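Number of protein chains: 2
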Amino acid sequence: MPETKVKKTQDFNEWYNEIVELADLCDKRYPIKGMNVWRPYGWKLMSHIDQLIRDEMIKTDHQEVCFPLCIPESSFKKEEEHIKGFGNEVYWITHAGLNKLEEKWLLRPTSETAMYPMFSLWIRSHADLPLKTYQIVNTFRYETKQTRAFIRVREIHFFEAHTCHVDFEDAEKQITEDKEIAKRLFDDLCLPFIFCKRPEWDKFAGAFYTISIDVLMPSGKTLQLGSIHQYQDNFSKPYNINYEAEDGTHKPCHQTTYGMSERILGALIGIHGDNKGLVMPPMVAPIQIVIIPIIFKGKEKIVFDACDSLYKKLKKENIRAHVDKRDTTPGNKYYDWELKGVPVRIEIGPRDLEKKQVVLVRRDNGEKKFVSQNDTVKTIIDEFDMISKDLFSAAKKLLDENTHRVKTMEEAEGLKGIIELPWCGNEDCALEIENILDGNTLGEPIKKGECKDSCPVCSKPAGTWMRYAKTY
Amino acid sequence: MPETKVKKTQDFNEWYNEIVELADLCDKRYPIKGMNVWRPYGWKLMSHIDQLIRDEMIKTDHQEVCFPLCIPESSFKKEEEHIKGFGNEVYWITHAGLNKLEEKWLLRPTSETAMYPMFSLWIRSHADLPLKTYQIVNTFRYETKQTRAFIRVREIHFFEAHTCHVDFEDAEKQITEDKEIAKRLFDDLCLPFIFCKRPEWDKFAGAFYTISIDVLMPSGKTLQLGSIHQYQDNFSKPYNINYEAEDGTHKPCHQTTYGMSERILGALIGIHGDNKGLVMPPMVAPIQIVIIPIIFKGKEKIVFDACDSLYKKLKKENIRAHVDKRDTTPGNKYYDWELKGVPVRIEIGPRDLEKKQVVLVRRDNGEKKFVSQNDTVKTIIDEFDMISKDLFSAAKKLLDENTHRVKTMEEAEGLKGIIELPWCGNEDCALEIENILDGNTLGEPIKKGECKDSCPVCSKPAGTWMRYAKTY
Chain E
0 MPETKVKKTQ
10 DFNEWYNEIV
20 ELADLCDKRY
30 PIKGMNVWRP
40 YGWKLMSHID
50 QLIRDEMIKT
60 DHQEVCFPLC
70 IPESSFKKEE
80 EHIKGFGNEV
90 YWITHAGLNK
100 LEEKWLLRPT
110 SETAMYPMFS
120 LWIRSHADLP
130 LKTYQIVNTF
140 RYETKQTRAF
150 IRVREIHFFE
160 AHTCHVDFED
170 AEKQITEDKE
180 IAKRLFDDLC
190 LPFIFCKRPE
200 WDKFAGAFYT
210 ISIDVLMPSG
220 KTLQLGSIHQ
230 YQDNFSKPYN
240 INYEAEDGTH
250 KPCHQTTYGM
260 SERILGALIG
270 IHGDNKGLVM
280 PPMVAPIQIV
290 IIPIIFKGKE
300 KIVFDACDSL
310 YKKLKKENIR
320 AHVDKRDTTP
330 GNKYYDWELK
340 GVPVRIEIGP
350 RDLEKKQVVL
360 VRRDNGEKKF
370 VSQNDTVKTI
380 IDEFDMISKD
390 LFSAAKKLLD
400 ENTHRVKTME
410 EAEGLKGIIE
420 LPWCGNEDCA
430 LEIENILDGN
440 TLGEPIKKGE
450 CKDSCPVCSK
460 PAGTWMRYAK
470 TY
Chain D
0 MPETKVKKTQ
10 DFNEWYNEIV
20 ELADLCDKRY
30 PIKGMNVWRP
40 YGWKLMSHID
50 QLIRDEMIKT
60 DHQEVCFPLC
70 IPESSFKKEE
80 EHIKGFGNEV
90 YWITHAGLNK
100 LEEKWLLRPT
110 SETAMYPMFS
120 LWIRSHADLP
130 LKTYQIVNTF
140 RYETKQTRAF
150 IRVREIHFFE
160 AHTCHVDFED
170 AEKQITEDKE
180 IAKRLFDDLC
190 LPFIFCKRPE
200 WDKFAGAFYT
210 ISIDVLMPSG
220 KTLQLGSIHQ
230 YQDNFSKPYN
240 INYEAEDGTH
250 KPCHQTTYGM
260 SERILGALIG
270 IHGDNKGLVM
280 PPMVAPIQIV
290 IIPIIFKGKE
300 KIVFDACDSL
310 YKKLKKENIR
320 AHVDKRDTTP
330 GNKYYDWELK
340 GVPVRIEIGP
350 RDLEKKQVVL
360 VRRDNGEKKF
370 VSQNDTVKTI
380 IDEFDMISKD
390 LFSAAKKLLD
400 ENTHRVKTME
410 EAEGLKGIIE
420 LPWCGNEDCA
430 LEIENILDGN
440 TLGEPIKKGE
450 CKDSCPVCSK
460 PAGTWMRYAK
470 TY
């Protein structure tokens, strides 16, 4: 079979850059670098991911809102750490028509400073809490590093949940729920991930603590797909988000956020794809089944009828199917749909029809089998399940094989992927290790687990493990 | 029953301004005027409208895309008429972080100038045509007139379809399809409307001609909900959108666009609402049925069980239902859900349950009836149909009673709503009539119909009718 020009197994980064356009996910030729066009296939795929997120939000009683894109400078500047963190990477609107604005606005890099002045108006009493909201919007960050489709862009398709609570404990419960949401969501996407408690010096601007959701890409670098933040009352104080408690006193809310972005799509492409192109998990594939008629002269009608009949049966089961009736060879069709990662291909030809069977081919492993026409729908549903499990297992293997818990810098040297080393709790030691490994500090595992070894830098007793990796 | 502070029947504009916030559709207190916060109920309502639009797009083979928000100044300035039309009402981004941008960007007021440079890359041959795309995004216009929620805002929730065709005739077919889409969509929303062919001096910047979709609001003013534009090759020439025809020659595409906005929601609120609040058409109501348990001591369980059981039956039929179990009086609950326009209320109490019946109340006309428990779901579905028809009829009556075809300025004087007068085809005469009526020229009816009368201004023979109205 024809394959992409660059092989994933040879040059992952180049393969990635090529496949995102070859598979019609996006167009990078838009005249602003890092702001790409979502093409129909890519946008549909992203919409299916969004829908999984929305389903989780509905299940957990979050309400969808939509806040304005523009934030006045004065709203933005109320929380000091936040402005320090984001001030240099926002876009500024200074003029409307020919007029200079009295106050500059910025394009949201994230929506804390748009939402919190309003939360302060919405929340009056404990009866208004918890407030659980989310939105799926475009956000903007002025990236100076090299851009990469879906992974490092300047206009970001973004999910952000924002919640307000009566106290720290209730906010902690939200974070537990967020972690469960992440587990269910990334299970559906066949993406094994790790939670890392980010180090103090690399937590979100304004957060009390930050938990990141990281996956390992085939390049050996980790990709952060999302983060969950405990804010305590760090924002509610400057933004006056207070409530009247049952005892009549007024207290600041405790807040959390949960953010994810189109990077999820980047991870799907990178982790599941192969030399032939994308491999989409059945849950989000824009087309789950492609049906290819195998035409022989004089047998067109019987074949097309069988294709249409299967299509109808699948549609009834809410399976996203497509019959490819284009006037080209089956081989060309296989190539196109393999490139686009359609999980299952069904081939229907006159000889098989005589035997009352069709051919089923799995995209992930190329496995081919004959399926009785009567069982086709049931078999397909079972195959989806197996494909999902196998995709997850393969990705889990990649993650496990490239996660190394070692005790000394000598052992760490030359290892690829995620490296866990004992940590004494001192920032300088972690930064020294970053230097030696030419990587970044990911953070501590959230299930801490005691570490009885000593810090490989200062030799002091290490209370915990710390993770390092090269990162996108 | 309690009602809104301001009555729709007394002061429509004030009632409108009040109800959009009272019914939790939006919050106008965001610190940038004209950029409002979508609250959960309003956003859900808008999402249902968007879904109807998406369904129409799928039906007609349009592909959803998503283009960047920011447009470089040089892309924007390629079509002369367009920049004349929009240049003074766009927002400019001049800085990223602390750096001044080499080239300014603007926030899209509409996406022609973002899309067309890419269409020029996408389209190669006649086989790529027709190209039918759409997106649902936020757009921005620097409105200097008084803002009004959903009707005149500065960040606009916007639908835009853009199509490319081999020639003028094929583009005309698209416009025919667009008109059919509009008819189906506004039927679902129970909104009768008129198509007007905009006069030359008021067509879209860059269009060959523009057809507007206008509704009549209870204030007597018309509200433009959308427009359909024939561009011919006005954009494809400056943007180089060419294709190779079957005969090997290269030709510019002919293009159309179809735009609509959150104004649709403004029309729903304004046209269907009443002194008690919103009245939502069943097709888009976030909650279609509210079930109110009527509690008597000792009978709680039997009532709640009956409510839950009905809820489950409705859910199975994909009907959006809600059981209001709050600890407050039925009267308070009625008030809240009437305010929010839930089309049907079901009351379930122990006495009715003994008779195996429930009470059904229509929001639009207050009609109350007893329904056998066995027939509840079927009756509800029938009621939805009747409510939709009645909402449409009431709105149609408003439109018809306030549309006046007259021949002279004397007859026109003092009339409210839409006034049709003979027109000679001369711009000056129409502008003179605008002056006299203190209104705007809407355009000609698209089903022209001969006019044998003479222009009320210059007395020359009028070949056509022209419509005038006060407009939002």
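If you read the sequences in order, they're chains E and D.
Take 0 as the starting number for the first sequence in numbering that gives the first Met the number 0 and just add one per residue.
Take 0 as the starting number for the second sequence in numbering that gives the first Met the number 0 and just add one per residue.
Note that the Cβ used here is the ideal one computed from N, Cα and C, for glycine as well.
This structure is a prediction, so every number in the text was calculated from the model and none was measured.
Residue i: CB within 7 Å of a non-hydrogen atom of the ligand PLP
i: Glu179/E; result: The model on display carries no ligand, and the ligand PLP is accordingly not part of it.
Nearest-angstrom beta carbon gap, residue j and residue i [assumed within contact, 8 Å]
i: Arg262/E; j: Phe149/E; result: 6 Å
i: Phe118/E; j: Ile227/E; result: With a Cβ gap of about 19 Å, Phe118/E and Ile227/E do not count as contacting.
i: Val89/E; j: Leu106/E; result: 7 Å
i: Gln134/D; j: Phe66/D; result: 6 Å
CB contact below 8 Å: residue i versus chain E
i: Phe66/D; result: yes
i: Val120/D; result: The question names Val, but residue 120/D in the sequence shown is Leu. Output row for Leu120/D: interface = yes.
i: Tyr257/D; result: no
i: Val89/D; result: yes
i: Met0/D; result: Residue confidence for Met0/D is low, a pLDDT of 44 falling below 50, so the modelled location carries little weight; the figure read from the coordinates is stated next. No, no contact with chain E.
i: Trp336/D; result: no
i: His228/D; result: no
Neighbour list for residue i in chain E, Cβ cutoff strictly below 8 Å
i: Glu449/D; result: What Glu449/D touches in chain E: nothing, since even the nearest Cβ is about 43 Å away.
i: Pro30/D; result: Pro71, Ser73, Ser74 and Pro116
i: Pro39/D; result: Gln62, Glu63, Val64 and Thr132
Cutoff 8 Å: residue i Cβ touching any chain D Cβ
i: Asp384/E; result: no
i: Lys43/E; result: yes
i: Asp26/E; result: yes
i: Tyr242/E; result: no
i: Thr477/E; result: The structure shown does not extend to residue 477/E, since chain E is modelled only from 0 to 471, so the question has no answer here.
i: Ile92/E; result: yes
i: Trp14/E; result: no
i: Trp104/E; result: yes
Residues that residue i contacts on chain D, provided the C-beta gap is smaller than 9 Å
i: Glu154/E; result: Pro67, Leu68 and Cys69
i: Leu97/E; result: Gly86 and Asn87
Partners in chain E for residue i, counting only beta-carbon separations shorter than 9 Å
i: Val36/D; result: Val64, Cys65, Phe66, Pro67, Ala113, Met114 and Met117
Report task. Determine which residues of the stretch 68 to 79 of chain E have a Cβ less than 7 Å from any Cβ of chain D, and write them out in chain order. Result -> Leu68, Cys69, Pro71 and Ser74
Query raised in the report: Of the residues that make up the stretch 116 to 141 of chain D, which ones have a beta carbon closer than 9 Å to any beta carbon in chain E?
Result: Pro116, Met117, Leu120, Trp121, Thr132, Gln134, Val136, Asn137, Phe139 and Tyr141
Report task. Can you check the stretch 14 to 57 of chain D for any alpha helix (DSSP H) of at least 4 residues that lies completely inside it and give the ranges in chain order? Result -> none
Query raised in the report: What residues in the stretch 316 to 329 of chain D have a beta carbon less than 9 Å from any beta carbon of chain E?
Result: none
Report task. At 3 residues or longer, and completely inside the stretch 333 to 378 of chain E: list those beta strand (DSSP E) runs for me, N to C. Result -> 343 to 347, 356 to 361 and 367 to 371
**Report entry** Whole runs of the beta strand (DSSP E) within the stretch 142 to 173 of chain E, excluding any shorter than 3 residues
**Finding:** 154 to 164
Query raised in the report: What are the uninterrupted segments assigned as alpha helix (DSSP H) that are 4 or more residues long and contained completely in the stretch 93 to 143 of chain E, given in chain order?
Result: 111 to 121
Query raised in the report: Which runs of the beta strand (DSSP E), 3 residues or longer, sit entirely within the stretch 182 to 263 of chain D?
Result: 193 to 196, 208 to 215, 221 to 231, 241 to 243, 249 to 251 and 253 to 260
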